[in-house]
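For the sequence shown, the numbering used here gives the first residue as 5, with consecutive numbering after it.
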Amino acid sequence: MKRRGRHRRRRRGAALRAVLAGTALALTAAATVISASQAQVTERPGALKPLTSAADTGRLRLREHLVPARALDTLAASMGRPVGVTAVLADTDRTLREGSGCDDTDRASLPVAPAPGRAYCWDPADTGATGWRPASVATSGDAGTGVRGTHRVLLSGWTHSTRTGPSAERGLARVAFVDADDPDRPAYRWVLLVVPVDGGHDYRGLGSRVSSMVWYRDKLLVTARHDDSAALYVYDLGRIQRATVDGPAIGRVRGGWSADGYRYVMPAVGSYSFTAGRCSATGAPCPGALALDAGTAPASLVAAEWTSPGGERPARLWRYPFSADPRREGLLAAGAGGLVDATEEYRTKVTGIRGVLSYREPGARRTSWYVGRLPGSQDGHGGLWRQDTRGAKAAECGADATHRCWAESAGSLSYWRETGEVWSVSDRMLFAVPLAGLERSLG
């Protein structure tokens with residue numbers, strides 16, 4: 005029985021690869037008709053420019069704000085003992101479909117080059133005209149081990165549009181906890197992101213666009229925009245709480261706790277804000293993309309600034325070290341007064357950045373930065389550039405050698421070192437490409 009099961013998985017895997025290869029060929033053909041008006045997207049952004057002046061680096065300084073332990077304990081005392089990732093995965097209620105089972109519109113959102121090695125589309129109940137859109141991904145490979153407990157886990161952050169859907173959901177953020185133990189049939193459950201208020205006697209929805217996230221140790225760090233002065237929020241994956249009332253409200257209600265119909269909530273345990281104030285063109289950056297670099301000592305959080313696609317203003321790339329103190333596992337390395345300083349800073353001409361990675365090959369002298377961008381029109385396929393202080397390179401596809409070869413409306417990037425895969429999301433699918441394949445596509 006086990007042998008037949010393996011043969012079935014191989015046949016399904018072969019079918020998926022065939023479908024993805026056909027999709028890549030179709031998209032390559034489509035790329036040949038991209039007009040000359042989009043030539044700006046194919047222009048090379050050039051080399052990274054190091055930032056060294058105090059005026060530049062000072063704008064990247066963060067201040068840490070931790071939620072008092074008393075407030076978290078108050079919330080737990082009222083809601084019940086917190087649960088962890090394993091409890092959520094044991095309660096999955098939706099299934100991802102393999103790429104071969106997805107429709108043409110879904111598959112058309114995948115990268116042209118390199119072709120994905122794995123691809124999945126979401127349950128139809130979560131796509132379409134719901135107003136919810138994915139933008140970020142993280143894996144248990146980021147957590148310091150490829151297996152979290154006994155599971156391989158993928159997380160995907162979604163944000164509700166402020167323009168469509170029920171008004172009560174607008175601007176909320178949620179995370180899909182995906183049990184990826186069975187690559188043929190991953191299953192998932194939603195967890196709503198919330199923020200404790202009133203000393204832990206209540207909570208509110210995060211109310212911020214989660215464009216990127218990083219899972220390191222037992223913490224999940226997510227970007228915060230349009231919420232308040234916070235740049236990042238911090239969540240503890242061991243402090244997931246069960247809602248007790250199934251209703252549209254969020255927070256304490258008559259008879260218990262409600263979470264807009266979701267069974268689980270994850271309350272923030274801290275945040276980071278820029279000491280330079282709210283993000284602006286001349287001040288602190290608006291963090292649009294995050295990633296873990298586990299190849300540094302200690303591991304580091306890398307970030308990219310959000311700027312308008314196709315605009316003239318360059319973006320900043322930078323990194324913060326994680327704390328080496330076991331009592332602060334998963335938090336950034338903060339000094340006196342809770343201040344966190346960047347340890348590496350660059351300026352790039354790439355705009356509309358939605359994904360970032362920092363990676364150095366063993367024995368290499370330079371670190372490569374991978375930046376995924378939206379096209380200037382914010383519609384259609386974007387590009388993925390590899391940059392360092394010497395230059396830039398991107399995959400080319402189509403007869404006119406366009407650089408618009410990456411996914412449609414692609415989100416953040418997450419490198420699973422154990423498997424050698426880079427995970428990301430399009431606006432319709434969750435997918436992975438081998439890092440080796442990504443390098444080959446860059447020549």
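Here a beta-carbon is modelled for each residue, glycine too, at the ideal position from N, C-alpha and C.
Quick caveat: nothing in here was measured; it's all calculated off a predicted structure.
Buried or exposed by the 16-neighbour rule on C-beta atoms within 10 Å, applied to residue i
i       : result
Cys-401 : buried
Ser-418 : buried
Gly-50  : exposed
Pro-284 : A quick correction: the sequence has Ser, not Pro, at residue 284. With fewer than 16 other Cβ atoms within 10 Å, it is exposed.
Ala-228 : buried
Gly-334 : buried
His-205 : exposed
Asp-108 : exposed
Glu-422 : exposed
Ser-275 : buried
Thr-56  : exposed
Ser-381 : exposed
Thr-286 : exposed
Asp-188 : exposed
Arg-358 : buried
Glu-102 : buried
Gly-395 : exposed
Pro-138 : buried
Thr-154 : exposed
Leu-210 : buried
Gly-161 : buried
Ser-362 : buried
Ser-312 : exposed
Asp-110 : buried
Gly-447 : exposed
Pro-54  : exposed
Gly-145 : buried
Arg-246 : buried
Asp-77  : exposed
Glu-316 : exposed
Arg-432 : buried
Asp-202 : exposed
Gly-376 : buried
Arg-444 : exposed
Thr-163 : buried
The beta strand (DSSP E) enclosing residue i, as first and last residue numbers
i       : result
Gly-255 : 254-257
Val-218 : 217-220
Ala-272 : 268-278
Leu-100 : Element bounds for Leu-100: n/a, residue is neither H nor E.
Asp-206 : 206-209
Ala-247 : Unbroken run through Ala-247: none, as it is neither H nor E.
Thr-469 : The structure shown does not extend to residue 469, since the chain is modelled only from 5 to 447, so the question has no answer here.
Ser-418 : 418-420
Val-214 : That residue, Val-214, is in no beta strand (DSSP E); it is neither H nor E in DSSP.
Glu-425 : 425-429
Cys-283 : Run containing Cys-283: none; DSSP gives neither H nor E here.
Arg-432 : Counting along the chain, Arg-432 falls outside any beta strand (DSSP E), and DSSP gives it neither H nor E.
Trp-261 : 260-263
Arg-122 : 122-125
Leu-241 : It is not in any beta strand (DSSP E) - Leu-241 carries neither H nor E in the DSSP assignment.
Ala-403 : Where Ala-403 is concerned, there is no enclosing beta strand (DSSP E), given that its DSSP letter is neither H nor E.
N-terminal and C-terminal residue of the alpha helix (DSSP H) that residue i is part of
i       : result
Ser-445 : 439-445
Ala-139 : Looking at the DSSP string, Ala-139 is not in any alpha helix (DSSP H); the run it does join, the beta strand (DSSP E), is 136-143.
Val-89  : 89-93
Thr-109 : 108-111
Ser-82  : 73-83
In DSSP terms, what residue i is bridged to
i       : result
Val-182 : Leu-158, Tyr-192
Pro-54  : Tyr-350
Arg-67  : Ser-277, Leu-343
Glu-412 : His-385
His-164 : Trp-136
Pro-449 : This structure leaves residue 449 out entirely; the chain is present only between 5 and 447.
Val-116 : BP columns for Val-116 are empty, so no partner.
Gly-359 : Gly-376
Leu-236 : Thr-227, Tyr-276
Arg-390 : Tyr-374, Lys-397
Ala-59  : Looking at the DSSP assignment, Ala-59 forms no beta bridge with any residue, so it has no partner.
Ala-177 : Thr-163
Q: Answer yes if the stretch 329-336 comes into contact with the stretch 382-389, meaning at least three C-beta pairs across the two stretches below 8 angstroms, and no otherwise.
A: no
Q.
If we require 3 or more residues per run, which beta strand (DSSP E) segments fall completely within the stretch 288-339?
A. 291-297, 304-309, 319-325
(Q) Can you confirm whether the stretch 258-266 touches the stretch 179-192 when touching is taken to mean that 3 or more C-beta pairs between the two stretches lie within less than 8 angstroms? (A) no
Q.
With a threshold of 8 angstroms, are at least 3 pairs of Cβ atoms found where one atom belongs to the stretch 251-258 and the other to the stretch 215-232?
A. no
Q.
For the pair the stretch 60-73 and the stretch 363-373, tell me if three or more CB-CB distances fall below 8 angstroms.
A. no
Q: Evaluate the contact criterion for the stretch 76-88 versus the stretch 337-356: three or more CB pairs, one atom per stretch, below 8 angstroms.
A: no
Q: Would you be able to state if there are at least three C-beta pairs under 8 angstroms between the stretch 290-301 and the stretch 77-84?
A: no
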